[in-house]
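So the protein sequences, as listed, match chains A, D, G and L.
Going left to right, the first sequence walks through residues 900 to 1031 as this note's numbering numbers them.
Going left to right, the second sequence walks through residues 900 to 1031 as this note's numbering numbers them.
Going left to right, the third sequence walks through residues 900 to 1031 as this note's numbering numbers them.
Going left to right, the fourth sequence walks through residues 900 to 1031 as this note's numbering numbers them.
Protein chains: 4
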Amino acid sequence: MFIQIDMHSSVPIYKQLKTAIISSILSGKLKEGDRLPSVRQLGSDLGINLHTVNKAYNLLKDEGYIIIHRNQGAIISKPTKAGKEDLTEFANALLPIVIEIRARNITRTQFDELMDVIWEQDMIGGDNDEHR
Amino acid sequence: MFIQIDMHSSVPIYKQLKTAIISSILSGKLKEGDRLPSVRQLGSDLGINLHTVNKAYNLLKDEGYIIIHRNQGAIISKPTKAGKEDLTEFANALLPIVIEIRARNITRTQFDELMDVIWEQDMIGGDNDEHR
Amino acid sequence: MFIQIDMHSSVPIYKQLKTAIISSILSGKLKEGDRLPSVRQLGSDLGINLHTVNKAYNLLKDEGYIIIHRNQGAIISKPTKAGKEDLTEFANALLPIVIEIRARNITRTQFDELMDVIWEQDMIGGDNDEHR
Amino acid sequence: MFIQIDMHSSVPIYKQLKTAIISSILSGKLKEGDRLPSVRQLGSDLGINLHTVNKAYNLLKDEGYIIIHRNQGAIISKPTKAGKEDLTEFANALLPIVIEIRARNITRTQFDELMDVIWEQDMIGGDNDEHR
DNA sequence: GTGGTCTAGACCACT
DNA sequence: GTGGTCTAGACCACC
Chain A
900 MFIQIDMHSS VPIYKQLKTA IISSILSGKL KEGDRLPSVR QLGSDLGINL HTVNKAYNLL
960 KDEGYIIIHR NQGAIISKPT KAGKEDLTEF ANALLPIVIE IRARNITRTQ FDELMDVIWE
1020 QDMIGGDNDE HR
Chain D
900 MFIQIDMHSS VPIYKQLKTA IISSILSGKL KEGDRLPSVR QLGSDLGINL HTVNKAYNLL
960 KDEGYIIIHR NQGAIISKPT KAGKEDLTEF ANALLPIVIE IRARNITRTQ FDELMDVIWE
1020 QDMIGGDNDE HR
Chain G
900 MFIQIDMHSS VPIYKQLKTA IISSILSGKL KEGDRLPSVR QLGSDLGINL HTVNKAYNLL
960 KDEGYIIIHR NQGAIISKPT KAGKEDLTEF ANALLPIVIE IRARNITRTQ FDELMDVIWE
1020 QDMIGGDNDE HR
Chain L
900 MFIQIDMHSS VPIYKQLKTA IISSILSGKL KEGDRLPSVR QLGSDLGINL HTVNKAYNLL
960 KDEGYIIIHR NQGAIISKPT KAGKEDLTEF ANALLPIVIE IRARNITRTQ FDELMDVIWE
1020 QDMIGGDNDE HR
């Protein structure tokens, strides 16, 4: 669990944490059955409030990435995401960013090159060896 | 000026408005020299407060998309975006979305197809056949 | 009367006009007894509203730079500024600008060099031949 | 935080506040890492609306003087002003004042003496002996 | 508790 | 009638 939180970012901490954990799962650093640290542990490791960690864990639980057992903490669950249903949700999130990008006179080719980097990237600080 | 605002979105209204106007400029629906409606006019058209419109206009002014004259409202300005300097800013915005997308088991190819649609898209509801 | 008005500036037009006329007096382009154009004339020359010209003229009258005769237009008056009474007024106007300048790590020497240019300058578009 | 606001000035309150804070930073009364009062706190201290304070803070944020954390208020940031690029901006601001000054028959020497005072000045009412 | 956003209403400067 | 500024009060997200 090498998780980087940017305290200066305008992105809420709980959301950064959630994304970082999903990313670790995708990259294989966290596998089904692995235990996440307790909210207290992780909170103190990252120097953030345990309620913030808790909020991230609950979102991950709601989206099926982890299972929270009352006394045993959080366990990475089987990937069950059916996927692909709601691409429009992502399109809506991407559209404003793409508009800003196009306003910078960035070509589609340049964008694709940027996306190549992003797509392969693990989380900041990640060591990519095994995915894909 | 056919602008769609989603009052229920978590994206702030002023930001939606700003994005919509930039998009209209990109698509050619708004051209250099065109006048934007007054803040009062547009606010009442969209059913939002004039201060919210004002905030969007001021952001557009700060980023060089429009020029605001005290008594004549807002005018679309020459595009002067130098561009390309700070791609990392966009990468940071895209990364969490991409992570969510990958978590849905969407392939890079499928993503590119989605991006084809987004990239070419003018604004929602936009009919852009008449702009020369 | 070669007066440049920047319609894009946030400085009110009437104030730009007033400053430009004072500058012309200082540089000798306008001398005691010279007639200023009528408000209609100057307004149409500059492409601005005659009320705006009128406002500038009235300020100049109030500050003793010109005399307005009901039917003969505005005449440059004898310089009667006693001067030097209220330096604090200027200090207050200069202070915020100086603060911004210092925040840019500009040295006093660099500032003095800048001031050399400003001090000698006639108005934009002015042809300096005779003053000092 | 001893900040003087002139409610009767034609200079907007938020701009006075912004300038005062920059000045405090320059003079060393505010140092990197120091916390500014919350918008509510400072607003009530100064007898102005919190939104007015907020506007000043956001300008300071945009110009890199402070960092605003969602839950911890505003922190003085590292000075990162590159500086020196756009002296013309300042020249334009200084020119009309200089013209008024010259119209008062103030000599360059007298002006320089005035500037000596302004340049060295910390903030009005500031007692800066204790900052290291 | 913090700032972010939105609404609302007011007054002012400018043209 | 235009935007600029200020006030005020409300709700929300975050921690």
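Built from N, CA and C at the ideal position, the CB exists for glycine as well.
As the structure is a prediction and not an experimental result, all values here were calculated from the model.
Here the segment 952–961 of chain L lies against the segment 908–917 of chain L, with 3 or more beta-carbon pairs under 8 Å apart.
Burial state of P911 (chain D) is exposed, judged by a 10 Å Cβ sphere holding fewer than 16 other Cβ atoms.
For I974 (chain D), the secondary structure class from DSSP, reduced to helix, strand or coil, is strand.
The contact set of I966 (chain D) on chain G, defined by CB atoms closer than 9 Å, consists of H907 in chain order.
Taking 9 Å as the Cβ-Cβ cut-off, the segment 993–1014 of chain G approaches chain L at L993, L994, P995, I996, V997, I998, E999, I1000, R1001, A1002, R1003, N1004, I1005, R1007, Q1009, F1010, D1011, L1013, M1014, given in chain order. The Cβ-Cβ distance between A990 (chain L) and V997 (chain G) does not fall below 9 Å.
Here I902 (chain A) carries a coil assignment [DSSP, helix/strand/coil]. Our two residues, A955 (chain D) and I975 (chain A), have alpha carbons roughly 42 Å apart in a direct line. Its Cα nearest to that of K977 (chain A), the residue A:I921 stands out among A:D905, A:I921, A:I902, A:N970. Ranked by Cα distance from G963 (chain L), the first of L:F1010, L:R1001, L:T1006, L:E931 is L:E931.
In terms of Cα proximity to Q940 (chain A), the closest of A:L1013, A:N953, A:K928 is A:N953. Contact between I1000 (chain G) and L945 (chain G) does not hold, since the beta-carbon distance rounds to 31 Å and is not under 8 Å. By the neighbour-count criterion, in which 16 or more other beta carbons inside 10 Å mark a residue as buried, S926 (chain G) falls on the buried side. With respect to the C-alpha of D933 (chain L), the residue from L:M906, L:M1014, L:Q971, L:S943 having the closest C-alpha is L:Q971. Annotation for H950 (chain D): the continuous alpha helix (DSSP H) segment containing it runs 949–961. Taking 9 Å as the cut-off, the Cβ atoms of M1014 (chain A) and L993 (chain D) count as close.
The three-state secondary structure of R934 (chain G), taken from DSSP, is strand.
The beta-carbon separation of L929 (chain G) and S937 (chain G), rounded to 15 Å, does not stay under the 8 Å limit for a contact. At a Cβ-Cβ threshold of 9 Å, L949 (chain G) and I1005 (chain L) do not count as neighbours.
The C-alpha of E1012 (chain A) lies about 13 Å from the C-alpha of R1007 (chain D). Closer than 8 Å at the C-beta level to chain G, one finds these residues of the segment 918–934 of chain L: T918, I921, S922, I924, L925. The residues I904, I912, in chain order, have a CB closer than 7 Å to that of I947 (chain A) in the same chain once the five nearest residues on each side in sequence are set aside. Only residues of its own chain outside the window of five on either side were considered, and among them I912, Y913, L916, G942 have a CB closer than 8 Å to the CB of T951 (chain D), listed in chain order.
When DSSP states are grouped into helix, strand and coil, I1005 (chain L) belongs to the coil group.
Measuring C-alpha to C-alpha distances from R1003 (chain L) to each of G:E988, G:A973, G:R969 identifies G:E988 as the nearest. Following the DSSP letters along the chain, one finds H968 (chain D) inside the beta strand (DSSP E) bounded by residues 965–968.
Within 8 Å of the CB of I1017 (chain A), the CB atoms of chain D belong to A990, L993, L994, V997, in sequence order along the chain. Q940 (chain D) carries a helical assignment under DSSP once its states are collapsed to helix, strand and coil.
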